[in-house]
Each structure stands twice: as structure tokens, then as C-alpha cells.
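Asks: After the C-alpha cells below, expect a handful of questions from me.
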Amino acid sequence: QVQLVESGGGLVQPGGSLRLSCAGSGLFFSIYTMGWYRQAPGKQRELVATITSDRNTNYADSVKGRCTISRDNAKNTVYLEMGSLKPEGTAVYYCCAALNFQNYWGQGTQVTVSS
Numbered sequence: 039q040v041q042l043v044e045s046g047g048g049l050v051q052p053g054g055s056l057r058l059s060c061a062g063s064g065l066f067f068s069i070y071t072m073g074w075y076r077q078a079p080g081k082q083r084e085l086v087a088t089i090t091s092d093r094n095t096n097y098a099d100s101v102k103g104r105c106t107i108s109r110d111n112a113k114n115t116v117y118l119e120m121g122s123l124k125p126e127g128t129a130v131y132y133c134c135a136a137l138n139f140q141n142y143w144g145q146g147t148q149v150t151v152s153s
């Protein structure tokens, strides 16, 4: 049974930083493309960043230069370092593992950017 468990969310002030983690189990983690997505209230889920098995990365324009995605295959974990956070970054952040046409999702972690 595949499980993805996100952690690291919380309340942060504008301009602050957070590090999200997503630990995977029940899958051959290293071969999956891992991604972070977010869904703000009343909006559709959107891509934040992805990292392939070869560690090629892709970022949404809205977070380029402020976020870094990385992975530690030995720990079956993918990270999202977020800096210079803005109030519009308030959302539930989801981890996704993708391989061919198969996607697995975590339950999400809430990030609130507010003073």
C-alpha cells in the first residue's frame, strides 16, 4: 500500500520560510517523479514544483527563485524549501508521486502565510 505523508506546514509571516517534507512508503521511491502541488480555498490544485528520478526540476513561474525541491532517495523523502513567502501562498500543499499514468497523493499539509 502506497503512502505519502507530508509534514512541515504551519503558520508563517510574510517573507518567512518553511520546509515541507513528504515521506513515501510502499513504492520504489527512486524511480518516481515527485511533485508538490497546492490548493488554495476556492481554487484549483496547481503545480508548485516537480523533481524527476534524474533530479531534473521544474517550477511554477509564481515560485521560481523562491522555492527549491529536492529528494533523498535513501530516506524516501522529497522536500520543498520555500522562502520569501507571500500571503497568496496560503494553501494546502500536497505531495504527489507519479510514474507513467499512475499518481499517488498525500493527504496534504496546511501552509498559512499571514501576519
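According to this note's numbering, the sequence shown holds residues 39 to 153 in order. Glycine residues also receive a C-beta, built at the ideal position from the N, C-alpha and C atoms.
DSSP three-state label for residue 111, please.
Replies: Numbered from 1 along the sequence shown, position 73 holds the residue referred to as residue 111. Residue state, collapsed to three classes: helix.
Asks: Whose C-alpha, out of 94, 78, 95, is nearest the C-alpha of residue 150?
Replies: Walking along the sequence shown from the start, residue 150 turns up at place 112. Considering only alpha carbons, the answer is 78.
Asks: Please report the residue range of the beta strand (DSSP E) in which residue 51 lies.
Replies: For the purposes of this step, residue 51 is identified with residue 13 of the sequence shown, where counting begins at 1. Per DSSP, residue 51 belongs to no beta strand (DSSP E) and is neither H nor E.
Asks: I need the straight-line Cα distance from residue 49 to residue 152, nearest angstrom please.
Replies: The count along the sequence shown starts at 1 and reaches residue 49 at position 11. The count along the sequence shown starts at 1 and reaches residue 152 at position 114. Taking the straight line joining both Cα atoms gives about 7 Å.
Asks: Counting along the chain, where does the beta strand (DSSP E) carrying residue 39 start and finish?
Replies: Reading the sequence shown from its first residue, position 1 is the one you call residue 39. Segment: none, residue 39 is in no beta strand (DSSP E) and carries neither H nor E.
Asks: In its own chain, which residues sit with a C-beta less than 7 Å from the C-beta of residue 96, not counting the 5 before and 5 after it?
Replies: Stepping through the sequence shown from its first residue, residue 96 is reached at position 58. So the qualifying residues of the chain are 87, 88.
Asks: Go through its chain and collect everything with a Cβ distance to residue 68's Cβ below 7 Å, but skip five positions before and after it.
Replies: As a first step, residue 68 must be located in the sequence shown, where it is residue number 30. Closer than 7 Å at Cβ, skipping near neighbours: 91, 111.
Asks: So residue 73 and residue 134 are in contact, right, with Cβ under 8 Å, and what is the actual spacing, rounded?
Replies: Position 35 of the sequence shown holds residue 73. Position 96 of the sequence shown holds residue 134. Going by Cβ atoms, the distance from residue 73 to residue 134 rounds to 4 Å, so yes, they are a contact pair.
Asks: Going by C-alpha distance, which of 123, 113, 144 is nearest residue 103?
Replies: For this step, residue 103 is matched to residue 65 along the sequence shown. Selected option, being the one with the closest Cα: 123.
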